[in-house]
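This report concerns only the one structure given below.
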Amino acid sequence: SAVISQKPSRDICQRGTSLTIQCQVDSQVTMMFWYRQQPGQSLTLIATANQGSEATYESGFVIDKFPISRPNLTFSTLTVSNMSPEDSSIYLCSVDGGRGSTDTQYFGPGTRLTVL
Amino acid sequence: QKEVEQNSGPLSVPEGAIASLNCTYSDRGSQSFFWYRQYSGKSPELIMSIYSNGDKEDGRFTAQLNKASQYVSLLIRDSQPSDSATYLCAVNPDTGNQFYFGTGTSLTVIP
Numbered sequence: 181s182a183v184i185s186q187k188p189s190r191d192i193c194q195r196g197t198s199l200t201i202q203c204q205v206d207s208q209v210t211m212m213f214w215y216r217q218q219p220g221q222s223l224t225l226i227a228t229a230n231q232g233s234e235a236t237y238e239s240g241f242v243i244d245k246f247p248i249s250r251p252n253l254t255f256s257t258l259t260v261s262n263m264s265p266e267d268s269s270i271y272l273c274s275v276d277g278g279r280g281s282t283d284t285q286y287f288g289p290g291t292r293l294t295v296l
Numbered sequence: 013q014k015e016v017e018q019n020s021g022p023l024s025v026p027e028g029a030i031a032s033l034n035c036t037y038s039d040r041g042s043q044s045f046f047w048y049r050q051y052s053g054k055s056p057e058l059i060m061s062i063y064s065n066g067d068k069e070d071g072r073f074t075a076q077l078n079k080a081s082q083y084v085s086l087l088i089r090d091s092q093p094s095d096s097a098t099y100l101c102a103v104n105p106d107t108g109n110q111f112y113f114g115t116g117t118s119l120t121v122i123p
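Just so you know, the sequences run in chain order A and B.
Residues 181 to 296, numbered by this note's numbering, are exactly what the first sequence covers, in order.
Residues 13 to 123, numbered by this note's numbering, are exactly what the second sequence covers, in order.
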């Protein structure tokens, strides 16, 4: 499976500011996904990031709040904009399994965000 | 609405016992099924995938799938304290790569 890194691993931010989270993969992948996991909860898909096209957002998530970039097949960013305490969560990047297992997903280590 | 349901637990088993984790899903057309393990404060780790009806074994883990009953389970034999974690069931309804996750079952293996 691919090696996935995320930056930052954690951050504490002030209300009203924005944070950009980076996800880097050590091999080319077709699909990259961004999830949110709130304390004690399961994973909620925010959006699917495809290289060369606009991200596809799930119900309840909008581009103005969570803009996503996917400039190439190994990198993506998620920005959490105009943050409020309700955005405090773990944000996880995942990627498909690559050639031969594109229906599998592997997760990065996550970014723990606290908004004051 | 594509739903994936799991008992939230907590499930406690003694060391050496069999732990049984269950998951049901609502989309009858679902094709791919996965079990992830998540330790506290860590990201989910894929441990099993299953695509066909029946059993699939990998070491101490056995995944069981029954598409007619829309049911998938994970058995952990000879449970160890290191198996203590939350186990997430995930379903891929089609080829679109969108996963739906259950809420997870918390497992504690008591030494």
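From the three backbone atoms N, C-alpha and C, an ideal C-beta is built for every residue, glycine too.
Hey, does residue i have any beta-carbon neighbour from chain B nearer than 9 Å?
i      : result
A:Y237 : no
A:S222 : yes
A:F241 : no
A:T228 : yes
A:F287 : yes
A:L258 : no
A:G290 : yes
With C-beta atoms as the reference, is residue i less than 9 Å away from residue j?
i      : j      : result
B:V84  : B:I62  : yes
A:W214 : A:L253 : no
A:Q202 : A:Q217 : no
A:G277 : A:S189 : no
B:S32  : B:L87  : yes
B:S81  : B:T36  : yes
B:F46  : A:T284 : yes
B:T117 : B:Q18  : yes
A:C273 : A:S261 : no
A:F287 : B:P56  : yes
A:C193 : A:V275 : no
Could you check where the beta strand (DSSP E) with residue i kicks off and where it finishes?
i      : result
A:A229 : 224–230
A:R216 : 211–217
B:V25  : 23–26
A:Q285 : 285–287
A:Y252 : The sequence given here places Asn at residue 252 of chain A; Tyr does not occur at that position. It spans 248–252 - the beta strand (DSSP E) in which A:N252 sits, taken as one unbroken run.
A:F255 : 255–260
B:Q18  : 16–18
A:I184 : 184–187
A:I270 : 269–276
Does chain A have any CB closer than 9 Å to the CB of residue i?
i      : result
B:A97  : no
B:F73  : no
B:P123 : no
B:G116 : yes
B:K54  : yes
B:L119 : no
B:L58  : yes
B:L86  : no
B:S64  : no
Segments assigned beta strand (DSSP E), at least 3 residues, entirely inside the stretch 38–118 of chain B: 44–50, 57–62, 66–70, 73–78, 83–88, 97–104
contact_flag[the stretch 257–272 of chain A, the stretch 75–83 of chain B] where n(CB pairs < 8 Å) is 3 or more: no
Segment contact, 8 Å Cβ cut-off, at least three pairs: the stretch 221–231 of chain A with the stretch 244–253 of chain A: yes
Inter-stretch contact at 8 Å, needing at least 3 Cβ pairs: the stretch 81–100 of chain B / the stretch 44–60 of chain B: yes
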